[in-house]
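**Q** Numbering-wise, my numbering puts 49 at position 40 of the sequence shown, and it's gapless, one number per residue.
Positions of the beta carbon are idealized from the N, C-alpha and C atoms, including for glycine.
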Amino acid sequence: MKNQMTNQKGFTLIELIIVIVILGILAVTAAPRFIDLQTDARAQTLEGVKAALQGSSQLVYAKAAIAGVQSSATAVNVTVNGAAVSTVNGYPNAAVITSAANVVPFLDLSTGDFAVINVDTTLAAGEFIIAFAGETATNNCYVRYVNAGANAAPGITTVATGC
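Have a look at this one:
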């Protein structure tokens with residue numbers, strides 16, 4: 010009898026175990042990045058709210074400029090989408106914005122998903138924040154609006170360190 014060696018093709022058990030171990034290490038390393046998607050989504054949602062607030066503030070300013078009250082340092086109302094919006098220096102007046110319903114005329118904001126806060130120990134006069142419903146400024150996950158100064162646009166910033 011001739012003893013023929015047959016060529017076997019495939020992986021040995023050791024090779025399969027090594028591949029499984031390497032895949033396990035990769036999964037453990039990559040999993041936290043994919044688990045943290047909610048934080049990224051919340052931060053990006055705030056960036057969207059910030060951009061919408063900047064755009065809508067410019068729209069209110071344009072309405073104030075048309076009415077000739079863009080330089081008024083005292084509160085003046087302009088009509089936006091059929092509703093009166095209080096302005097200072099042509100931009101929305103943070104002092105009168107006390108709830109999400111107050112920003113709906115110039116910012117299409119879901120009042121069920123977001124809260125507007127302007128009375129908080131961390132906020133100065135002429136500021137408000139837009140946060141996710143049920144959160145406060147201490148959560149550090151919000152958009153901050155600071156009234157416009159003379160010849161300056163309002164300060165609109167995002168704080169997402171606590172998202």
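Taking contact to mean 3 or more Cβ pairs, one atom from each stretch, closer than 8 Å, check whether the segment 48-63 and the segment 150-157 are in contact.
**A** Output reads yes: the segment 150-157 touches the segment 48-63.
**Q** Report back the beta-carbon spacing between residue 95 and residue 84 to the nearest angstrom; my notes put them in contact at under 8 Å.
**A** Position 86 of the sequence shown holds residue 95. Position 75 of the sequence shown holds residue 84. The pair is a contact, with the Cβ atoms about 5 Å apart (cut-off 8 Å).
**Q** Run through DSSP, which three-state label would residue 143 get?
**A** In the sequence shown, the residue the question calls residue 143 occupies position 134. Coil at residue 143, not helix or strand.
**Q** Output yes or no for whether 8 Å exceeds the beta carbon distance between residue 146 and residue 126.
**A** Here the question's residue 146 lines up with position 137 in the sequence shown. Here the question's residue 126 lines up with position 117 in the sequence shown. In contact: residue 146 and residue 126 (Cβ atoms closer than 8 Å).
**Q** Can you tell me which residues form a DSSP beta bridge with residue 93?
**A** The residue you call residue 93 lines up with position 84 of the sequence shown. Beta-bridge pairing links residue 93 to 88.
**Q** Expressed to the nearest angstrom, what Euclidean distance is found between the alpha-carbon atoms of residue 36 and residue 19?
**A** Numbered from 1 along the sequence shown, position 27 holds the residue referred to as residue 36. Numbered from 1 along the sequence shown, position 10 holds the residue referred to as residue 19. Whole-angstrom Cα-Cα distance: 25 Å.
**Q** Excluding the 5 residues flanking residue 25 on each side, which residues of the same chain have their C-beta closer than 6 Å to its C-beta?
**A** For this step, residue 25 is matched to residue 16 along the sequence shown. Contacts found: none.
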